[in-house]
Amino acid sequence: MCADISKKIIEKWRDEQIRLSLKIRHLPLKIKSGLIAGIDVSYKDTYIYCSIVVLSFPKLEVVNIYNKKGEVEYPYIPGFLSFREMPVVLRTFNRVKEDIFLIFCDGQGIAHPRGFGLASHIGTVLRIPSIGCAKSRLVGEYRPVAKKKGNFSELIYKNKVVGAVLITKDNTNPVFVSAGNYIDLESAIRYTLDCSVYRIPEPTRLAHKYVTSFRESR
DNA sequence: GCGACAG
DNA sequence: ATCTTGTCGC
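Under the working numbering, the first residue of the first sequence is numbered 2, with each subsequent residue one higher.
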């Protein structure tokens, strides 16, 4: 399938992350209504599945769902997740005909060793504002956060604020939010809270639900 | 060398 | 990510 990824490839990927990370821009996003999307990927054997859910904002009603199956090309390597998931994600997104103004991704944005996690990669390639909302930490340190919706502590990495450890629902563990591209952290936090009903924001939570059922049906 | 390490 | 039952707590 994808045994040992040569060090050459990883070097190339590292260079690409550094090169593309220079294109990242942090801007306040102020769109009040429109369509947003949630992306999630699932695996089974040598197959990889992707679901993209289009939702209305701020009502959060499902407008459309796109599913696509592909083959696993690379193994999971911390820091290089996007190269494993980007292929199916792009092929799935090519089918999306709606105009999306914001994308939620299951993973890190700039809270990454080289400031270019999955959300940054997706946002940069698609040229659409993106937010990384991960369930666990990849890099950075932070102070504990009281479990009250809206609370957060800064995620610090190399003496820079790269994200927020945010409580999206009372009495639940935090999620790790970081800007992907074309959005700043403040806006990312704002939209994440506006899209949260449960711990995981609706776009990503629904995408995960749909991709799981899609995988189990094929 | 040891420990950490998105999904 | 994936394989899995019951169980504690709001």
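Glycine is no exception: its CB is placed at the ideal position from the N, C-alpha and C atoms.
If you're wondering where the values come from, they're calculated on a predicted model, not measured in any experiment.
Provide the residue(s) that pair with residue i in DSSP beta bridges, ordered along the chain.
i, result
"L103", "I37"
"I153", "According to the sequence as given, residue 153 is Phe; it is not Ile. L167, per the DSSP bridge assignment."
"N182", "S131"
"S43", "Y50"
"E72", "Y48"
"V162", "I157"
Within its chain, find whatever has a CB closer than 6 angstroms to the CB of residue i; leave out the 5 residues flanking it on each side and keep chain order.
i, result
"K45", "R216"
"D107", "D41, T205"
"I184", "L30, P130"
"S154", "Y143, R144, V146, V166"
Once DSSP output is grouped into helix, strand and coil, what is the label at residue i?
i, result
"I66", "strand"
"I123", "helix"
"A189", "helix"
"L56", "strand"
"F177", "strand"
Out of the options, state which residue places its alpha-carbon closest to the alpha-carbon of residue i.
i, options, result
"Y192", "K161, R144, G133, I123", "G133"
"V162", "F177, M87, I10, C51", "F177"
"R206", "L103, I40, F84", "I40"
"F84", "S131, F117, K150", "F117"
"N174", "I32, P76, D100, A165", "A165"
"I11", "D100, I168, Y77", "Y77"
Within the continuous alpha helix (DSSP H) that includes residue i, where are the two ends?
i, result
"I19", "8-22"
"R211", "Inspection of the sequence shows that residue 211 is occupied by Tyr rather than by Arg. Note, Y211: alpha helix (DSSP H), 203-217."
"T93", "82-94"
Can you find the residues in the same chain that come closer than 8 angstroms, C-beta to C-beta, to residue i, ignoring five residues on each side of it along the sequence?
i, result
"E187", "P29"
"V212", "D41, V42, S43, Y50, C51, S52, N68"
So, for residue i: in the same chain, excluding its five sequence neighbours on each side, which residues have a beta-carbon less than 7 angstroms away from its beta-carbon?
i, result
"I49", "V42, G71, E72, V73, V89"
Please report the residue range of the beta strand (DSSP E) in which residue i lies.
i, result
"S131", "131-135"
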